[in-house]
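Input: a single structure, listed below in structure tokens.
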Amino acid sequence: MVVEIKGSKQLFEEVIGGELCILCGACAGSCPYLVPYKGRIALLDNCTLSEGQCYQYCPRTYIDMDAVSQKIFGTRLNEDEIGVVRDVFLARSADPEIRGKGQDGGTVTTLLSVALAEGLIDGAVVSKMSEDKTPSGFIARNKEELLQSSGNSYEPSPVLEALNRLPKDSAEKLGIVGVPCQVMAVAKMKTYPPRNRVSIDNVKLVIGLFCGWSLADGFHRFLQENLDLSQVVKFDIPHHPGHTFDVYTKSGVKSFELDDIRKFINPACSYCWDMTSEFADISVGSGRTAFRGWNTVIVRTEAG
């Protein structure tokens, strides 16, 4: 199928102006004019290109699902509710240090740590929070750096910007951790390989996270008004029937009514067809209710 590729003008009109942007970072870094800024993508200058990879790899522009599925799984689109499934496990890290810092069972950090130790990857493209708890893309190259990136911020993180900023001639073998939208952007890159950027063949492992929604920039301002962000350790939403959003700090836990947090949900998240990262090699989410502290793990590919 011939896919129409448009430029940054249409990206802003259709995706960003249409409140469909989820700040995945796929457009940032590949173009000098596009940068993440305060929870959104900003255009530094006008781009005159009529076709751009910024538009092509955005997970909110046209997707030939059969072509992507053929590339990732070698078959047409699987229309089951959670996509291709080879196996499903409950898992958690056997490393107490990782388990203590992870969002749930620490499975993602452990998988990446093992992959680094065994030379399967040289670096992992992950999300890392700054001192003011603003998330951004980061390449972790050892266990210590992985531990620094553990946990969930619930705010969108332009993770893929870190991938795009790698030198074109980089030979690093990479793992990528992302939410479903970011996983789809990577799947589009694998289906239609980028030009003049680091080879997408360098990506050896894609770990997708389960995701229900992310919180827009207003949430960050809300936190600044109600907390000392330098004291925040992690965020969590208790399992059913929990109705709070819990913020763990160095001195204790502060809970907010979940209904007071929902107003900050990114409008783009109201349009979502994938909550389990269907095009990842491995998908990981939290275990439900009785399995608190464990991860649900879906293996989808041979690499997984």
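Quick note on my numbering: the sequence shown kicks off at 5 and runs consecutively.
Glycine included, each C-beta is placed from N, C-alpha and C at the ideal position.
Looking at residue i: is its Cβ nearer than 8 Å to the Cβ of residue j?
i	j	result
Leu-178	Lys-208	yes
Ile-9	Ser-218	no
Val-202	Leu-164	no
Gly-141	Ala-166	yes
Gly-182	Gly-216	no
Thr-248	Phe-260	yes
Val-130	Ala-144	yes
Asp-250	Pro-242	yes
Gln-107	Gly-155	yes
Arg-304	Val-112	no
First and last residue of the beta strand (DSSP E) that includes residue i?
i	result
Thr-253	248-253
Pro-40	38-41
Asn-299	299-303
Ser-259	256-261
Asp-126	Segment: none, Asp-126 is in no beta strand (DSSP E) and carries neither H nor E.
Leu-47	44-47
Phe-239	236-240
Val-181	178-182
For residue i, count the other beta carbons within 10 Å of its own beta carbon; 16 or more makes it buried, fewer makes it exposed. Which is it?
i	result
Val-6	The predicted position of Val-6 is uncertain, since its pLDDT is 47 and thus under 50; no value can be drawn from it.
Leu-48	exposed
Asp-173	exposed
Gly-21	exposed
Pro-63	buried
Lys-132	buried
Arg-292	exposed
Tyr-61	buried
Pro-139	buried
Arg-96	buried
Tyr-158	buried
Asp-91	exposed
Gly-222	exposed
Alpha carbon to alpha carbon, how far is residue i from residue j?
i	j	result
Gly-308	Pro-36	34 Å
His-224	Gly-256	20 Å
Asp-68	Ala-30	17 Å
Glu-18	Lys-192	18 Å
Phe-93	Ser-281	16 Å
Ile-86	Phe-214	11 Å
Ile-204	Glu-135	31 Å
Phe-295	Gln-57	42 Å
Leu-53	Lys-137	35 Å
Lys-258	Ala-98	29 Å
Asn-50	Gln-14	12 Å
Pro-160	Phe-16	18 Å
Ile-286	Leu-81	17 Å
Phe-268	Ala-128	29 Å
Could you spell out where the alpha helix (DSSP H) holding residue i opens and where it closes?
i	result
Gly-289	Careful: Gly-289 lies outside any alpha helix (DSSP H), inside the beta strand (DSSP E) at 286-290.
Val-112	111-121
Arg-225	221-230
Tyr-59	57-60
Write down every uninterrupted run of the alpha helix (DSSP H) in the region 63-108 whose length is 4 residues or greater and which is fully enclosed by it, in chain order.
69-77, 100-105
Please give me, in chain order, every unbroken run of the beta strand (DSSP E) with length at least 3 that falls completely inside the region 134-167.
Within the region 134-167, the complete beta strand (DSSP E) runs of at least 3 residues are 139-144.
Taking only runs of the beta strand (DSSP E) that begin and end inside the region 184-217, which ones reach a length of at least 3 residues, in chain order?
207-213
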